[in-house]
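See structure below.
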Amino acid sequence: TQLLEQSPQFLSIQEGENLTVYCNSSSVFSSLQWYRQEPGEGPVLLVTVVTGGEVKKLKRLTFQFGDARKDSSLHITAAQTGDTGLYLCAGSPAGNNRKLIWGLGTSLAVNP
Amino acid sequence: KAGVTQTPRYLIKTRGQQVTLSCSPISGHRSVSWYQQTPGQGLQFLFEYFSETQRNKGNFPGRFSGRQFSNSRSEMNVSTLELGDSALYLCASSLEGAPGNEQFFGPGTRLTVL
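Just so you know, the sequences run in chain order F and D.
Residue numbering for the first sequence follows my numbering, beginning at 1 and increasing consecutively.
Residue numbering for the second sequence follows my numbering, beginning at 1001 and increasing consecutively.
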């Protein structure tokens, strides 16, 4: 069974702090996506990473795909209250681009 | 481009009833997927439709069904509702050939079964 494990499950920090959340698997993925979901809304795609070792930056967010394409991390610098939400990772297994495996998410609360 | 729209946004039903949810994908997107989201189980894949055909199916009972129309709009139906069907139902559209099968989600339909 292919699984994506996200950690931590919950995170509560103060505005201005840095944080990293993780998405890990024992399986290889051809690509991996990160989404952010706010309460009562659908997830919004943040980034797709496709190359092992790839690093992508989106303002204060830095995404990294592991060299072996089995894991990914999301680092947020100087968190803001607007970063609050559920962060989900989803991966396309190698050899099956039409399938998406979803993690359970990291629920982030950034307090003023 | 307009985003994915879902109707209705909120729905309250009682056990045993049936419900139909609607989804309009982003213009040009021919793939529509449906998900059930609950706090304990996360996002659970229901099914995917492409060009009016069900292309993939998750592990849900036959009470859950769907269809897609020629304009790519999709509906899902749940019959004989159970309390455990209370959830946020999300529809997502994607562009065929997009890297990683990127999903663009609607706001969801919050279904409460009493």
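Even for Gly, the Cβ is constructed at its ideal location relative to N, Cα and C.
Note that the structure is a prediction, hence the values are computed from the model and not measured.
Measure from the C-beta of residue i to each C-beta in chain F and report whether the shortest distance is under 8 Å.
i                       : result
residue 1102 of chain D : yes
residue 1117 of chain D : Because residue 1117 of chain D is not part of the residues shown, which for chain D are 1001 to 1114, the question remains open.
residue 1042 of chain D : yes
residue 1090 of chain D : yes
Comparing the C-beta of residue i with each C-beta of chain D, is any distance below 8 Å?
i                      : result
residue 45 of chain F  : yes
residue 102 of chain F : yes
residue 106 of chain F : no
residue 41 of chain F  : yes
residue 28 of chain F  : no
residue 98 of chain F  : yes
residue 61 of chain F  : no
residue 31 of chain F  : yes
residue 50 of chain F  : yes
Strictly by DSSP, which residues pair up with residue i?
i                       : result
residue 1111 of chain D : D:1011 and D:1087
residue 21 of chain F   : F:74
residue 1096 of chain D : Paired residues: none, contrary to the question.
Nearest CA to the CA of residue i: which residue from the options?
i                       : options                   : result
residue 36 of chain F   : F:101, F:9, F:83 and F:50 : F:83
residue 17 of chain F   : F:79, F:48 and F:111      : F:79
residue 61 of chain F   : F:72, F:67, F:30 and F:51 : F:72
residue 1051 of chain D : D:1042, D:1033 and D:1040 : D:1033
residue 112 of chain F  : F:13, F:24, F:66 and F:21 : F:13
residue 1089 of chain D : D:1003, D:1063 and D:1007 : D:1007
residue 65 of chain F   : F:98, F:59, F:76 and F:49 : F:49
Under a CB-based cut-off of 8 Å, is residue i close to chain A?
i                       : result
residue 1012 of chain D : Although the question refers to chain A, the structure presented lacks it and instead comprises the protein chains F and D.
Minimum length 4: unbroken alpha helix (DSSP H) runs contained in the segment 1016-1094 of chain D: None, since the segment 1016-1094 of chain D contains no complete alpha helix (DSSP H) of that length.
Which residues, in chain order, does the segment 1055-1087 of chain D contribute to contact with chain F at a C-beta distance below 7 Å? Closer than 7 Å at the C-beta level to chain F, one finds these residues of the segment 1055-1087 of chain D: 1056.
Please give me, in chain order, every unbroken run of the beta strand (DSSP E) with length at least 3 that falls completely inside the segment 37-110 of chain F. Here the runs fully enclosed are 44-49, 55-58, 61-65, 71-76 and 85-93.
Along the segment 72-97 of chain F, what residues have a CB closer than 9 Å to any CB found in chain D? Those would be 88, 90, 91, 92 and 97, in chain order.
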